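Participant:
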Amino acid sequence: MFKIGHGYDFHRFVEGRPLVLGGVTIPHRFGLAGHSDADALLHAVCDAILGALALGDIGQHFPNHDPRFKEIASLRLLEEVVAKARVQGYAITQVDSTVIADEPTLAPHIAKMRERLSMTLKTPLAAVSIKATS
Ligand code: MG
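Numbered by my numbering, the letters in the sequence shown go through residues 2 to 135 in order.
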């Protein structure tokens, strides 16, 4: 069976944290507020997969009061979500995503972000799309 899920996420910019998007640390004067590394792109992808499987949302699986997930790389969270899909006999065949941010310019980082996402999802690079808009 073929399933489709949607996910989205928002995080505030804050000072004093690294900016991590798509599993890539991007040099910037602000990072994103959050309990984990606050990678909003990966959180949205996690939610899309969980949604397709009707498994709830990322907050249920990785609560933001649980010290196990403090500062955790969201790539690890995504790995766990992909494993949950595999247990049910599913593979991720395609991802299309859009990051909305006024800053910084993400274009120079998109290739690396796609690579990280592709590896973690075990999905061919050609089927992993990341777009950015301000
Ligand atoms: Mg989030």
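Quick reminder that beta carbons are idealized off the backbone N, C-alpha and C, glycines included.
Here the structure is a predicted model, which means the values were calculated and not measured.
How should residue 88 be labelled, buried or exposed, when 16 other C-beta atoms within 10 angstroms of its C-beta is the threshold for buried?
Facilitator: Exposed, by the Cβ-count rule.
Participant: Measuring only from the beta carbon, is residue 41 closer than 7 Å to any heavy atom that is part of the ligand MG?
Facilitator: Yes, Cβ of residue 41 sits closer than 7 Å to a heavy atom of the ligand MG.
Participant: Identify the residues that DSSP records as bridge partners of residue 14: which are they?
Facilitator: Answer by DSSP bridge pairing, in chain order: 33.
Participant: Relative to the C-alpha of residue 91, which residue among 11, 22, 124 is closest?
Facilitator: Taking only the C-alpha atoms, the option nearest residue 91 is 124.
Participant: Can you tell me whether DSSP reads residue 48 as helix, strand or coil?
Facilitator: Reduced to three states, the DSSP call for residue 48 is helix.
Participant: Which residues does DSSP pair with residue 1 in a beta bridge?
Facilitator: Nothing in the structure corresponds to residue 1, since the chain is present only between 2 and 135.
Participant: Can you tell me whether residue 6 sits near the ligand MG, meaning its C-beta is under 7 Å from at least one heavy atom of the ligand?
Facilitator: Every heavy atom of the ligand MG is 7 Å or more from the Cβ of residue 6, so no.
Participant: From 115, 128, 130, pick the residue whose C-alpha is nearest to that of residue 25; which is it?
Facilitator: Cα-wise, what sits closest to residue 25 is 115.
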